């Protein structure tokens with residue numbers, strides 16, 4: 012291969028790669044710009060806190076924000092204790108290569124890949140019908156909990172695993188019981204990981220639509236209890252854009268609220284993660 | 013080393029013993045190394061899964077003496093140490109066979125109360141393993157776990173052990189600061205204090221100086237020497253000069269055909285001046301190992 | 002790491018309580034997958050029983066109210082949309098990963114990566130909405146009607162690109178530095194280094210990413226529902242509207258009863274089977290490949 016053709020090849024590749032990177036960036040910038048441009052003008056204090064009128068064409072998203080919070084609250088309220096317990100079991104009560112541990116981990120890996128619409132079907136069948144919760148925030152929140160559980164467990168287990176062997180051995184050498192070791196040494200050390208996992212799960216729960224449309228329903232009134240149907244922000248966007256003629260302006264504004272929420276969540280989780288790795292690198 | 017307080021400075025308060033073993037080394041007279049077996053290993057073998065690391069060790073450790081376990085890396089010294097407080101239970105696939113006895117207690121018996129055993133047998137690791145909270149909490153945690161909640165007793169016990177390891181004057185104003193902010197040598201002394209706080213009979217030291225700088229290492233070494241007679245001490249070390257300086261007895265381990273075995277055991281003087289085994293002679297003169 | 006393998010440890014009451022409850026929670030979490038599968042089976046049983054598998058492919062059309070259950074065109078819709086998206090997204094994602102490692106200045110590379118991470122976090126309903134209000138009218142202007150297979154492919158590609166790119170990025174980051182140094186020491190050009198050193202050592206990792214992307218595309222609901230037009234037909238051109246299996250479930254679950262409802266659960270079960278297959282393949286590869294972070 013001559014030096015000349017080598018140069019040409021190198022040049023072409025550089026152009027191709029920069030083009031690809033640009034092609035990836037443009038839609039992103041376009042999408043964000045579009046949301047900001049069209050959403051910003053409708054965004055106001057009033058919009059965020061007042062109730063939707065005329066199927067959402069007018070008014071705001073107050074009750075929808077509350078429903079979203081309740082959904083996420085139910086979801087995290089169930090997923091966090093379950094995730095902590097499972098992660099503890101996987102890292103402290105089974106060996107890494109133990110059959111039961113491997114089975115549970117494998118099934119969680121698969122669960123993480125299950126499409127959200129399938130979770131929706133499952134939630135509809137189990138929570139709405141068999142358990143009789145109907146279309147309710149409770150059903151939706153429990154369905155979301157099933158969805159975020161795998162990612163939560165993965166992160167928390169990881170944070171238990173980085174606690175050094177020596178710490179565990181020296182706790183045992185002092186005759187500390189397992190529950191004391193977990194309470195005083197392992198749990199405090201795992202808090203950042205738990206936060207990161209919780210925040211990631213929170214992000215997934217807030218972004219979810221397909222699993223909610225037939226578990227928590229469409230109702231856009233202010234929910235009075237967990238047994239009421241409630242509409243999340245994501246479902247609101249879907250409904251406004253697909254089923255309500257003239258709903259686009261408010262769909263834009265809602266999408267802007269949703270995306271800003273998610274960005275804040277994303278930023279805080281990477282902030283915690285970076286502080287956490289920093290503090291782990293301190294000489295001990 | 014002025015920092016080291018002789019053990020006789022520790023004054024037990026008989027009134028506060030209730031519910032807690034007296035803060036006191038096991039004997040009340042002048043500490044000394046007795047010709048009386050405190051720990052007995054009989055045909056002890058240790059294997060990880062199918063890999064045998066220690067075979068047929070028979071050894072008596074005398075009460076109140078410092079016994080140094082020496083030998084090249086990977087000959088089962090640490091495994092031996094960890095079998096004495098059953099930390100081997102925590103290592104997946106580790107199997108201990110044979111017989112281990114401490115006074116009348118059968119250490120390997122399934123019915124042995126492990127928490128109690130580990131309270132009686134303290135252990136220090138190669139790397140200082142302070143817990144990620146304050147100095148005070150590091151020392152209080154084992155005490156509380158074993159049933160001491162009285163504040164004044166906690167306070168006086170903490171002061172006593174910190175005096176004993178020569179840390180009191182260095183840390184008395186920052187007991188509530190994170191223990192991880194201490195230097196490596198200070199952390200190791202804190203770990204020692206944390207083990208002493210439970211008034212163990214036996215101390216297991218797994219290369220306690222090897223991760224430290226020479227000065228800290230010297231302080232720890234003097235500290236260990238000062239504990240002679242008050243505790244039965246087993247120390248794994250690769251530093252023969254150190255073994256010679258502080259040990260009453262020396263046990264030489266060697267890896268024969270890939271399996272660790274006890275080669276020779278005797279008083280430090282005998283091992284270093286007139287070793288019976290060729291391997292020992294070669295090892296201490298630096299020809300092998 | 003450390004297990005309570007001994008049958009002899011002196012558990013206090015609290016230890017027993019803790020280990021019991023932790024075990025219970027873990028078994029529940031581990032059993033969740035079985036529960037999901039069991040429920041899907043249970044709910045789709047009437048369909049399997051009354052309709053039978055073959056009729057899903059031999060009935061004249063999808064008219065569930067007239068007892069006609071042909072799923073074929075929706076299966077094709079799903080397959081076309083997701084493979085199209087993977088074919089479009091993979092090269093872009095791999096090139097962007099290379100861009101991040103070898104072409105972009107450090108600052109730009111960091112920002113680019115951060116951007117892709119944010120992109121990965123944008124909800125599918127927002128992608129769908131953007132596609133509906135921006136992309137679909139553009140395509141409609143160019144080649145009516147607008148809502149089409151093409152729109153679905155573009156949106157899906159855009160959505161799975163971050164997945165593939167982030168996995169590829171991680172596996173490139175795990176190429177031992179020594180390989181890169183020795184390639185440079187041999188006077189390799191950037192092109193030869195990437196072609197002969199980087200891509201061969203990372204191909205398994207990249208393939209893992211593509212499988213995960215494919216799984217995501219197959220299971221995606223909202224975005225395709227919003228941009229594809231949802232007409233039940235086998236597409237013959239890129240500009241034909243299509244309906245995917247996922248969109249079909251989302252559209253009809255609200256009012257489906259009896260066998261119709263069971264048929265929807267059946268298609269969910271089928272989807273789940275496909276996705277589980279791809280995810281387990283990806284996990285299998287991930288465990289065998291030393292250059293991909295196991296995390």
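Residue numbers (my numbering), protein chains in the order written: chain Z, 12 to 295; chain W, 13 to 301; chain S, 2 to 296. Even glycine gets a Cβ: it sits at the ideal position worked out from N, Cα and C. Model, not experiment: these values are computed from the prediction.
Provide the residue(s) that pair with residue 72 (chain W) in DSSP beta bridges, ordered along the chain.
Residue 72 (chain W) pairs with W:52.
Please list the segments of the alpha helix (DSSP H) lying wholly inside the stretch 88-148 of chain W, counting only runs of 4 or more residues, in order along the chain.
Correct list: 89-96 and 126-132.
Counting only the same chain and skipping the five closest in sequence on each side, list residues whose C-beta sits under 6 angstroms from that of residue 259 (chain W).
For residue 259 (chain W), where only same-chain residues beyond five positions count, the Cβ hits under 6 angstroms are 78, 80 and 280.
Between residue 238 (chain W) and residue 197 (chain W), is the Cβ-Cβ spacing less than 8 angstroms?
No. Outside cutoff.
Given a limit of 8 angstroms on CB to CB distance, which residues of the stretch 42-69 of chain Z reach chain S?
Correct list: 42, 45 and 46.
Can you tell me which residues form a DSSP beta bridge with residue 276 (chain W)?
DSSP, once it has assigned bridges, lists W:264 as partnering residue 276 (chain W).
Please report the distance separating the alpha-carbon of residue 265 (chain S) from that of residue 249 (chain S).
If you take the alpha carbons of residue 265 (chain S) and residue 249 (chain S), they lie about 8 angstroms apart.
Using a Cβ-based criterion (distance less than 7 angstroms to any ligand heavy atom), does residue 123 (chain S) qualify as near the ligand ZN?
For the structure depicted, the ligand ZN is absent and the ligand set is empty, with no information on it obtainable.
Which term fits residue 33 (chain Z), buried or exposed, when burial requires 16 or more other beta carbons within 10 angstroms of its beta carbon?
Per the 10 Å Cβ criterion, exposed.
DSSP has residue 69 (chain S) in a bridge; who is on the other side?
In the DSSP output, where bridge partners are listed per residue, residue 69 (chain S) has S:64.
From the DSSP output, read off the bridge partner residues of residue 160 (chain W).
Looking at the DSSP assignment, residue 160 (chain W) forms no beta bridge with any residue, so it has no partner.
Please classify residue 35 (chain W) as buried or exposed, where buried requires at least 16 neighbouring CB atoms within 10 angstroms.
Reliability fails at residue 35 (chain W), whose pLDDT of 41 lies under 50, so the model's placement of it is uncertain and the value that follows must be treated cautiously. The residue in question, residue 35 (chain W), is buried, as its Cβ has 16 or more Cβ neighbours within 10 Å.
For a minimum of 4 consecutive residues, which ranges assigned as the alpha helix (DSSP H) are wholly contained in the stretch 226-293 of chain Z?
Complete alpha helix (DSSP H) runs here, min 4: 244-254 and 259-292.
Give, in chain order, every residue of the stretch 135-161 of chain W whose Cβ lies closer than 7 angstroms to some Cβ of chain Z.
For the stretch 135-161 of chain W, which is checked against every Cβ of chain Z, the residues closer than 7 angstroms are 135, 137, 139, 141, 143, 144, 153, 154, 157 and 158.
Identify the residues that DSSP records as bridge partners of residue 86 (chain S): which are they?
Residue 86 (chain S) pairs with nothing; no bridge assigned.
Identify whether residue 40 (chain W) lies in helix, strand or coil by the three-state DSSP scheme.
In this predicted model, residue 40 (chain W) has a pLDDT of only 38, less than 50, meaning its place in the structure is not dependable enough to derive any value.
Would you identify the three-state DSSP class for residue 248 (chain W), choosing helix, strand or coil?
Here residue 248 (chain W) sits in strand by DSSP.
Any residues in the stretch 174-191 of chain Z with a beta carbon nearer than 8 angstroms to a beta carbon of chain W? Which ones, in chain order?
Taking 8 angstroms as the Cβ-Cβ cut-off against chain W, the residues of the stretch 174-191 of chain Z that qualify are 175, 177, 178, 179, 180, 181, 182, 183, 184, 185, 186, 187, 188 and 191.
Bridge partners for residue 218 (chain W) per DSSP, in chain order?
Partner(s): W:248.
For residue 178 (chain S) and residue 201 (chain S), I'd like the C-alpha separation in whole angstroms.
Roughly 15 angstroms between the two C-alpha positions.
Please classify residue 335 (chain Z): does DSSP put it in a helix, a strand, or coil?
Lying outside 12 to 295, the shown extent of chain Z, residue 335 (chain Z) is not represented and no answer is given.
What residues from chain W crowd round residue 33 (chain Z), counting only those whose CB sits closer than 7 angstroms?
Simply none; closest approach about 47 angstroms.
Pull up the DSSP beta-bridge partners for residue 300 (chain S), would you.
Any property of residue 300 (chain S) remains undetermined from this structure, which presents chain S solely from 2 to 296.
Taking residue 200 (chain Z) as the query, report the chain B residues whose CB atoms sit under 7 angstroms from its CB, ordered along the chain.
No chain B is part of this structure, whose protein chains are labelled Z, W and S.
Consult DSSP for residue 60 (chain W) and reduce its assignment to one of helix, strand or coil.
It is a strand residue.
Mind pulling the chain W residues with CB within less than 7 angstroms of residue 195 (chain Z)?
In chain order: 153.
CA-CA distance, residue 135 (chain W) and residue 113 (chain S)?
Cα to Cα, residue 135 (chain W) sits roughly 51 angstroms from residue 113 (chain S).
Is DSSP giving residue 256 (chain S) helix, strand or coil here?
In the structure shown, residue 256 (chain S) sits in coil (DSSP, three-state: anything other than H, G, I, E or B).
Tell me the DSSP secondary structure of residue 314 (chain Z) in three-state form.
It is not possible to answer for residue 314 (chain Z), since the shown part of chain Z is limited to 12 through 295.
Using a Cβ-Cβ distance under 8 angstroms, would residue 120 (chain Z) count as near chain S?
By this cut-off, residue 120 (chain Z) is an interface position.
Buried or exposed: residue 23 (chain Z), going by 16 or more other Cβ atoms within 10 Å of its Cβ?
Classification for residue 23 (chain Z): exposed.
Under 7 angstroms between beta-carbons, which chain Z residues line up against residue 68 (chain W)? List them in chain order, please.
Here the premise fails: no neighbours, minimum Cβ distance about 26 angstroms.
Alpha carbon to alpha carbon, how far is residue 205 (chain W) from residue 40 (chain W)? Give it in angstroms, no decimals.
Because residue 40 (chain W) carries a pLDDT of 38, less than 50, the predicted location of this residue cannot be relied on, and the following value inherits that uncertainty. C-alpha separation (whole angstroms): 20 angstroms.
When you compare only the Cα positions, how much space is there between residue 142 (chain W) and residue 195 (chain W)?
Their backbone Cα atoms lie some 11 angstroms apart in a straight line.
Are the CB atoms of residue 223 (chain S) and residue 132 (chain S) nearer to each other than 8 angstroms?
Their beta carbons are not under 8 angstroms apart, which means residue 223 (chain S) does not touch residue 132 (chain S) by this criterion.
So, under 8 angstroms CB-CB, residue 167 (chain S) and residue 121 (chain S) are touching, yes? Tell me the CB distance rounded to an integer number of Å.
Yes, they are in contact, since the Cβ atoms of residue 167 (chain S) and residue 121 (chain S) sit about 7 angstroms apart, within 8 angstroms.
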